[in-house]
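Asks: My questions will all concern the structure given below.
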Amino acid sequence: MIEPQEGIGRNGVAFFDVDETLLTIKSMVSFYRYHCANLPAAERHTRLDRLDDLLESGIPRERANTDFYRFIEGTSVAELAESGRRWFTDVAIPALNTSVLTRLQSHKQQGHAIVLVSGSFPACLNPVSAYVGADMILCSRPAVAEGRYTGRLATPMIGNGKAAAVADILDTIPTSAPSWAYGDHESDLPMLLLVDNPVVVGADAVLNTTAVQRGWDTIESTAYGLRPAADTAAPIPIGTL
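Going by the working numbering, 1254 is the number at position 149 of the sequence shown; the sequence numbering is gapless.
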């Protein structure tokens, strides 16, 4: 059961997937490569080879998400948090999705609560949340003991897990309050089905077919650093690190 902040969503709530939705990259993969960059060469290559093996394994997303956290076993929580802040500045800001960030800004201006929903974890998501001024993060929570990650995943947040967490929030807001959700992958479908206004981001075949069938809104994915259209407004900073 999620314990939302008091009064969250009273005027409406917008849920945003992060990987390849609010960001145009996969945060955990990008962050881990960044974090490994300064390791000794032999250790770096070993770690990144393990990551590539996982990415190419073809196992279900839920299993891959759980297996990823074995890579950070024994690592200091504080160390990864600091690495996450540097990664966000160096890598994630240029990878913000202009189209989605503009929508998020509009929701904030209208007084809607902003909730990030992601299978990623706090080291990646906290700086994202601070930058966009999110009200809440629903995310995977790796187990921690004595200030270090254990390699186990205590709380997963993917697929039906996302939907369950979103449902908990929706149960606490007034029935008259509107809701939105933004997602890019078919695993986001259970979450999208729960809200009044689902929005499909990008080119996922399953989601776009569903969008056509149900009349859902769709938007393209455009990285901030690559925005091509003159009529696409640049997102203004709406939070601080």
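Glycine is no exception: its CB is placed at the ideal position from the N, C-alpha and C atoms.
Here the structure is a predicted model, which means the values were calculated and not measured.
Is the stretch 1296-1309 touching the stretch 1200-1215, taking contact as three or more C-beta pairs under 8 Å?
Replies: Taking 8 Å as the limit for Cβ pairs, the verdict is that the stretch 1200-1215 does touch the stretch 1296-1309.
Asks: Do you know offhand how far SER1234's Cα is from ASP1240's?
Replies: 8 Å
Asks: Please name the residue or residues paired with SER1284 in a DSSP beta bridge.
Replies: VAL1118
Asks: Please state whether DSSP places ASP1047 in a helix, a strand or coil.
Replies: Since the first residue of the chain shown is 1106 and the last is 1346, residue 1047 is not available in this structure.
Asks: CA-CA distance, LEU1160 and THR1171?
Replies: Cα to Cα, LEU1160 sits roughly 12 Å from THR1171.
Asks: So, PHE1121 versus TYR1254, is the Cβ gap smaller than 7 Å?
Replies: no
Asks: What's the C-alpha gap between ASP1276 and ILE1219?
Replies: 16 Å
Asks: Measuring alpha carbon to alpha carbon, tell me which of ARG1115, THR1260 and ALA1200 ends up nearest GLU1167.
Replies: Answer by Cα proximity: THR1260.
Asks: Are the beta-carbon atoms belonging to ALA1142 and ALA1328 less than 7 Å from one another?
Replies: Contact: no.
Asks: For ALA1270 versus LEU1294, is the C-beta spacing smaller than 7 Å?
Replies: no
Asks: Please go through the same chain and pick out, in chain order, the residues whose beta-carbon is closer than 7 Å to the beta-carbon of ARG1175, but skip the five residues on each side of it.
Replies: GLY1256
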